[in-house]
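Just below is one structure, and these are the notes that go with it.
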Amino acid sequence: MSQKKFLSPLFLGVVALGAFLVYVNLPQQGDEKSANSRETPVRVVTVTEQTFPITVEALGTAKANESVTITAQQTELITQVLFDDGDTVKAKQLLVQLNDAQEQARLVELQANIDEAKRQYERVKNLSLTRVASEQIVDEQQARVKALEAQLDVAKAQLADLQVRAPFAGVLGIRNVSKGSLIQPGDEITTLDDISVINVDFSIAEGQLASLSIGQTVVAHSVAYPNIDFKGEIKTIGSRVDPVTRSVLVRAEIDNKPGMLRPGMLLQITLQKRVLETLVIPEKALVPVQKKQYVYVVEDGVVHEREVVIGERKPGVVQIISGVDAGEVIITEGTLRVQDGTKVRILNQGGL
1 MSQKKFLSPL FLGVVALGAF LVYVNLPQQG DEKSANSRET PVRVVTVTEQ TFPITVEALG
61 TAKANESVTI TAQQTELITQ VLFDDGDTVK AKQLLVQLND AQEQARLVEL QANIDEAKRQ
121 YERVKNLSLT RVASEQIVDE QQARVKALEA QLDVAKAQLA DLQVRAPFAG VLGIRNVSKG
181 SLIQPGDEIT TLDDISVINV DFSIAEGQLA SLSIGQTVVA HSVAYPNIDF KGEIKTIGSR
241 VDPVTRSVLV RAEIDNKPGM LRPGMLLQIT LQKRVLETLV IPEKALVPVQ KKQYVYVVED
301 GVVHEREVVI GERKPGVVQI ISGVDAGEVI ITEGTLRVQD GTKVRILNQG GL
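Following the working numbering, the numbering of the sequence shown begins with 1 at its first residue and continues without gaps.
Quick look at the structure:
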């Protein structure tokens, strides 16, 4: 009787432990079955063939079509300053007048001497007709007239040196002189830039040299105007490849009639090489594994891992050379939650 009492609690404990284990394990097995039957939500796109421009990007510095620092050629006092900061001027427009009183007096003197020499020449010329004056005297008087006229030309040139004019049409910079100041050759009066056309110099790798041609279209962007495209064309391709950087210098010309661009600005240049008609997918659809690239193709709600060969890349998109066909559906969001054979639930339908 005592033996039955001793064994009964032990037996009951074993039975209770077994029941507990069954209770704990049964829900887990049910959860696993439920998990296996659950569909993973993903977003997809349909692979399509699109126009895919191949571009080359580079950085360049804007330069004025013509640029010069305005200086004087003579040491003299400034009598007139005929411009203001930032003026738009025409070619040959007078900017600064230097003191020319002495040159003006010299000009008047020479003109008077020339007039008198011409009268003397006409008089001896008439006398030579009656044999009163010799031909030698006539020739000497004619030579005197020509010598005085040459001196007059020199005086006019010296007078012109005292007038500082714009060599070409453009926009002036900051004025650095004032009326009454003494200026010397080399002293900066102001700057002058022709910004109706902007030249942009940039370097392209020698590997892209075959895709360059004169007249080819380029598009420039500036951080100052982020939403504006400045279109231009290649004007010059350098005749040499830099042996250090293995690049060639290219100059593009951009129409700048609105005057928005300024010399010295940093511009991002986009050059279109060619345009492809090819399969294109979002870059985020790629799943890199070591040196290979994969995508997840969805067929009848089931994921199939597919290796692809990619080509050219652009921000956000990539060219597909092989691995998928047009019309197939690939996952773009949720690639980390799926694998080959996973059942999925598509949250959207659409193409690129």
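Where is the CB? At the ideal position from N, CA and C, for every residue including glycine.
- Residue state for Leu286 is assigned as coil, using DSSP reduced to three classes.
- For Gly170, the closest of Ser181, Phe83, Glu140 by C-alpha to C-alpha distance is Phe83.
- Annotation for Glu206: Val241, Arg246, Ser247, Val248 place their beta carbon closer than 8 Å to its own, counting only its chain and skipping 5 residues before and after.
- A residue is called buried once 16 or more other Cβ atoms fall within 10 Å of its Cβ, and Ile183 is buried on that count.
- The beta carbons of Gly86 and Leu172 sit about 6 Å from each other, so the pair counts as a contact at 8 Å.
- Going by beta carbons, Ile198 and Leu148 fall outside the 7 Å limit.
- Under a 10 Å Cβ-count criterion, Ile174 is classified as exposed, with fewer than 16 other Cβ atoms of the shown protein chains found around its own Cβ.
- Proximity to Ile204 across Ala62, Ile237, Val44, Val164 peaks at Ile237, based on C-alpha coordinates.
- Between Ile331 and Val42, the CB-CB gap stays under 7 Å.
- About 6 Å separates the Cβ atoms of Lys343 and Val302, confirming a contact at the 8 Å cut-off.
- Ranked by how close their Cα comes to the Cα of Thr270, the residues Gln97, Pro243, Glu233 have Glu233 in first place.
- Looking at the backbone, the Cα of Val138 and that of Asp115 are separated by about 16 Å.
- The shortest C-alpha to C-alpha distance from Leu266 to any of Gln319, Ile189, Phe202 is the one to Phe202.
- Assigned with DSSP and collapsed to three states, Ser178 falls in coil, not helix or strand.
- By the CB criterion at 7 Å, Thr190 and Ile70 fall inside the cutoff.
- Distance from the CA of Lys292 to the CA of Gly323, rounded to the nearest whole angstrom, comes to 12 Å.
- Leaving aside the five residues that flank Ala117 on each side, the residues in its chain whose CB is nearer than 8 Å to its CB run, in chain order, Gln141, Arg144, Val145, Leu148.
- Shown here for Lys235: same chain residues with a beta carbon closer than 8 Å to its own, the five before and five after excluded, namely Asn199, Ile214, Arg251, Ala252, Glu253 in chain order.
- Under the three-state reduction of DSSP output, Ala112 falls in the helix class.
- In this structure, Gln80 and Asp161 do not form a Cβ contact; the two beta carbons are roughly 15 Å apart against a cut-off of 8 Å.
- For Glu57, the number of other beta carbons within 10 angstroms of its own is below 16, and it is reported as exposed.
- Runs of beta strand (DSSP E) with 3 or more residues, each lying fully within the segment 92-166, are found at 94-98, 163-165, listed in chain order.
- Note that the C-beta distance between Phe52 and Thr217 is not below 7 Å.
- For Pro288, same chain residues with a beta-carbon under 8 Å away, outside a window of 5 residues either side, are Tyr294 in chain order.
- Ala224 is classed as exposed because its beta carbon has fewer than 16 other beta carbons within 10 Å across all chains shown.
- If you check the CB distance, Ala72 and Val164 come in under 7 Å.
- Going by DSSP, Thr61 is part of the beta strand (DSSP E) stretching over 48-70.
- Residue Gly327 holds the alpha-carbon nearest to the alpha-carbon of Val298 among Arg274, Gly327, Gly311.
- When Arg123, Ser196, Val177, Ile195 are compared, the shortest CA-CA separation from Glu188 is found for Val177.
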